[in-house]
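> Just so you know, the sequence shown maps onto residues 3 to 371 in this note's numbering.
Built from N, CA and C at the ideal position, the CB exists for glycine as well.
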Amino acid sequence: MQPYVRFDRVRRSFDGVVDVVRDLSLDVARGEFLTLLGPSGSGKSTTLMMLAGFERPDGGEILLDGQPITRLPAHRRNIGVVFQSYALFPHMTVAENVAFPLQVRRLSRAIQRERVVRALDMVRLASLADRLPAQLSGGQQQRVALARALVFEPRLVLLDEPLGALDRALREEMQAEIRHLHGALGVTMLYVTHDQAEALRLSDRIAVMAAGQVRQVGTPQALYETPQDAFVAGFLGESNFLHGEVAQIEDDIAVVRLDCGVLAEALAGELQAGQRCQLAVRPERIAVAAIAAAEMGEGAQPAILLESAYLGDHVRLLLRVGLPGFPQAELAVKRPAGAPMAGMEPGLPAALAWQPHHARAFPANMAAI
């Protein structure tokens with residue numbers, strides 16, 4: 003099936019020397035909610051602005067529904083855009099702000115009224131149609147911006163960090179609103195954020211970006227469970243990274259001699275015996291108990307609990323692991339708040355372990371966050 007949006011080897015530089023976006027190839031399906039996720043400077047907003055028509059690529063091609071749009075002016079692309087700053091006209095009422103794209107398209111007053119009412123109903127702001135933006139809360143202003151982006155029934159909606167200025171409660175409320183509207187309208191959405199939790203909650207698929215390139219694309223679960231490199235493992239969610247050398251490979255499992263002196267197992271990927279590597283394991287995948295390592299079973303390591311912090315839905319533990327005479331390593335462990343914690347006191351010995359398929363080993367030269 004032909005992708006609805008295609009970036010074909012797109013490149014963009016602002017100084018003619020460093021590419022902010024380089025050799026970007028990415029497909030978006032019709033009706034999909036795809037999120038560009040990455041740190042500041044990764045090129046995600048520039049990618050969005052090139053699709054909107056506000057930036058011109060220095061190379062490559064952008065296609066929409068099979069048609070090249072790289073040289074098409076922004077106002078002819080029929081794309082809705084929602085910015086973090088809302089960009090509402092302060093002297094216009096809510097209804098007038100929402101109607102503005104329809105006025106530009108010279109639709110009749112009757113059609114304008116009908117579509118404005120429908121758009122404000124969608125975002126539950128019909129009762130505030132006559133208010134000015136300054137009389138609204140941040141969440142309400144963002145709803146107006148969303149209604150304005152949807153009112154002219156665009157084929158594609160782009161959202162650039164739209165919830166970054168909201169507090170946590172409002173942000174979660176608006177996430178649910180955006181996800182609901184996407185499902186109800188079936189419109190294709192491209193969303194930019196640096197917030198991992200937001201990307202996981204909203205997206206059909208996520209494209210993780212770094213240094214102007216897409217490092218991995220996949221469903222939230224696929225990216226979280228099977229990151230292809232250390233950057234993705236470190237940026238999407240939290241991972242402990244332990245450095246060492248591959249002692250041997252058995253099937254798809256690497257036995258790693260960690261720099262802290264202990265042996266550990268992880269999925270091997272493309273590694274070979276004798277290669278330096280970094281082992282990544284997520285804090286919630288580590289089992290820990292106030293018992294001797296021998297009692298926990300094969301693969302368990304002795305550790306010392308350094309600190310414990312209650313964080314509401316979970317308890318975060320910090321443990322030190324390593325054999326005498328070797329550099330010690332520290333690992334974070336997450337346990338549900340209601341889990342038994344008998345004997346887990348700072349300064350006391352404990353044991354920790356993980357299943358080999360819950361950890362991944364990457365080449366040492368793969369940069370992590």
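Considering only the beta carbon of each residue, do A292 and A352 sit closer than 8 Å?
On the sequence shown, position 290 is the one that residue 292 refers to. On the sequence shown, position 350 is the one that residue 352 refers to. Cβ atoms of A292 and A352: closer than 8 Å.
> Rounded to the nearest angstrom, how far is the Cβ of F2 from that of P103, given a contact under 8 Å?
The chain is shown only over 3 to 371; residue 2 falls outside these bounds and no answer can be derived.
> Output yes or no for whether 8 Å exceeds the beta carbon distance between L354 and V216.
Mapped onto the sequence shown, residue 354 falls at position 352. Mapped onto the sequence shown, residue 216 falls at position 214. No, they are not a contact pair.
> Helix, strand or coil for Y193 per DSSP?
As a position in the sequence shown, residue 193 is number 191, starting the count at 1. Reduced to three states, the DSSP call for Y193 is strand.
> Can you tell me whether DSSP reads N99 as helix, strand or coil?
Against the sequence shown, residue 99 aligns to sequence position 97. Helix, per DSSP.
> Out of R11, P156, L165, which has the shortest C-alpha to C-alpha gap to Q143?
In the sequence shown, counting from the first residue as 1, residue 143 sits at position 141. Of the candidates R11, P156, L165, the one whose C-alpha sits nearest the C-alpha of Q143 is L165.
> Starting from P365, trace the beta strand (DSSP E) in both directions and tell me its first and last residue.
If you number the sequence shown from 1, residue 365 lands on position 363. It spans 361 to 365 - the beta strand (DSSP E) in which P365 sits, taken as one unbroken run.
> With a threshold of 16 other CB atoms inside 10 Å of the CB of G349, please say whether the residue is buried or exposed.
Against the sequence shown, residue 349 aligns to sequence position 347. Classification for G349: exposed.
> Does DSSP put L148 in a helix, in a strand, or in coil?
The sequence position of residue 148 within the sequence shown is 146, counting from 1. In the structure shown, L148 sits in a helix (DSSP, three-state: H, G or I).
> May I ask which residues mark the beginning and end of the alpha helix (DSSP H) holding R111?
Working through the sequence shown from its first residue, we reach residue 111 at position 109. R111 -> alpha helix (DSSP H) spans 111 to 124.
> With H, G and I counted as helix, E and B as strand and the rest as coil, what does DSSP make of G324?
In the sequence shown, counting from the first residue as 1, residue 324 sits at position 322. It is coil, neither helix nor strand.
> Since I believe A131 is in contact with T95 (beta carbons under 8 Å), could you give me their beta-carbon distance rounded to a whole number of angstroms?
Residue 95 sits at position 93 when you count from the first residue of the sequence shown. Residue 131 sits at position 129 when you count from the first residue of the sequence shown. The Cβ separation is near 7 Å, so the contact holds.
> Classify Q4: buried if its beta carbon has 16 or more other beta carbons within 10 angstroms, exposed otherwise.
Position 2 of the sequence shown, counting from 1, holds the residue named residue 4. With fewer than 16 Cβ atoms within 10 Å of its Cβ, Q4 is classed as exposed.
> Between E267, R133, A311, which lies nearest to Q303 when the distance is taken from Cα to Cα?
Translated into the one-based positions of the sequence shown, residue 303 becomes position 301. Comparing Cα positions, the closest option is E267.
> Taking only three categories from DSSP, how would you classify T37?
Indexing the sequence shown from 1 puts residue 37 at position 35. Strand, per DSSP.
> Look at the alpha carbon of F56 and the alpha carbon of Y226, and state the distance between them as a whole number of angstroms.
One-based indexing of the sequence shown puts residue 56 at position 54. One-based indexing of the sequence shown puts residue 226 at position 224. Near 32 Å, if we compare the C-alpha coordinates of Y226 and F56.
> For Y312, which beta-bridge partners are listed by DSSP?
Numbered from its first residue, the sequence shown carries residue 312 at position 310. Partner(s): V317.
> With 16 other CB atoms within 10 Å as the buried threshold, where does P358 fall?
In the sequence shown, the residue the question calls residue 358 occupies position 356. Buried, since its Cβ has 16 or more Cβ neighbours within 10 Å.
> Would you check if the distance between the CB atom of V30 and the CB atom of L148 is smaller than 8 Å?
Along the sequence shown, read from residue 1 onward, the residue named residue 30 stands at position 28. Along the sequence shown, read from residue 1 onward, the residue named residue 148 stands at position 146. If you check the CB distance, V30 and L148 do not come in under 8 Å.
> With DSSP collapsed to three states, give me the class of A282.
The sequence position of residue 282 within the sequence shown is 280, counting from 1. Under the three-state reduction of DSSP output, A282 falls in the strand class.
> Does the Cβ of A331 lie closer than 7 Å to at least one heavy atom of the ligand GDP?
As far as ligands go, the structure on display features none, and thus does not contain the ligand GDP.
> Sort L269, E179, K336 by Cα distance to Q1 and report the nearest one.
What the structure shows of the chain is the stretch from 3 to 371, and residue 1 is not part of that stretch, so it cannot be assessed.
> Classify L245 as helix, strand or coil using the three-state DSSP reduction.
Within the sequence shown, residue 245 is the residue found at index 243, counting from 1. Leu is not the amino acid found at residue 245; the sequence shown has His there. The answer is strand: DSSP assigns H245 an E or B state.
> Could you tell me the alpha carbon to alpha carbon distance between R115 and A101, rounded to whole angstroms?
Taking the sequence shown and counting its residues from 1, one reaches residue 115 at position 113. Taking the sequence shown and counting its residues from 1, one reaches residue 101 at position 99. Whole-angstrom Cα-Cα distance: 8 Å.
> Look up M51 in the DSSP assignment and say whether it is helix, strand or coil.
What you label residue 51 is simply residue 49 of the sequence shown in a count that begins at 1. Helix.
> Given a cut-off of 8 Å on the beta-carbon distance, is the pair Q223 and E200 in contact?
Position 221 of the sequence shown, counting from 1, holds the residue named residue 223. Position 198 of the sequence shown, counting from 1, holds the residue named residue 200. With a cutoff of 8 Å on beta-carbon distance, Q223 and E200 are scored as not near each other.
> Under a three-way DSSP split, which group does Q223 fall into?
Walking along the sequence shown from the start, residue 223 turns up at place 221. Of the three classes helix, strand and coil, the one that applies to Q223 here is helix, per DSSP.
> With contact counted as at least three CB pairs below 8 Å, one residue from each stretch, are the stretch 283 to 290 and the stretch 230 to 248 in contact?
Taking 8 Å as the limit for Cβ pairs, the verdict is that the stretch 230 to 248 does touch the stretch 283 to 290.
> Look at K46 and M211 and say whether their C-beta atoms are less than 8 Å apart.
The residue labelled residue 46 in the question sits at position 44 within the sequence shown. The residue labelled residue 211 in the question sits at position 209 within the sequence shown. A contact, by the Cβ cut-off of 8 Å.
> Which residue comes first and which comes last in the beta strand (DSSP E) that contains M346?
The residue you call residue 346 lines up with position 344 of the sequence shown. Careful: M346 lies outside any beta strand (DSSP E) and carries neither H nor E.
> Quick check on the burial criterion: 16 or more other C-beta atoms within 10 angstroms. Buried or exposed for E163?
The sequence position of residue 163 within the sequence shown is 161, counting from 1. Answer is buried; the Cβ neighbour count reaches 16.
> State the beta-bridge partners of M211 as determined by DSSP.
Translated into the one-based positions of the sequence shown, residue 211 becomes position 209. The partner list for M211 (beta bridge, DSSP) reads V216.
> Thinking C-beta only, is A344 closer than 8 Å to R318?
Taking the sequence shown and counting its residues from 1, one reaches residue 318 at position 316. Taking the sequence shown and counting its residues from 1, one reaches residue 344 at position 342. No, these two residues do not count as a Cβ contact at 8 Å.
> In terms of alpha-carbon separation, which member of V219, D261, V283, I251 lies closest to Q274?
In the sequence shown, the residue the question calls residue 274 occupies position 272. For the residues V219, D261, V283, I251, the minimum Cα distance to Q274 belongs to I251.
> Indicate whether V83 and A54 have their beta-carbon atoms separated by less than 8 Å.
The count along the sequence shown starts at 1 and reaches residue 83 at position 81. The count along the sequence shown starts at 1 and reaches residue 54 at position 52. Taking a C-beta distance under 8 Å as the contact criterion, V83 and A54 qualify as a contact pair.
> Taking the DSSP output, what are the residues bridged to I81?
As a position in the sequence shown, residue 81 is number 79, starting the count at 1. BP columns for I81 point to L158.
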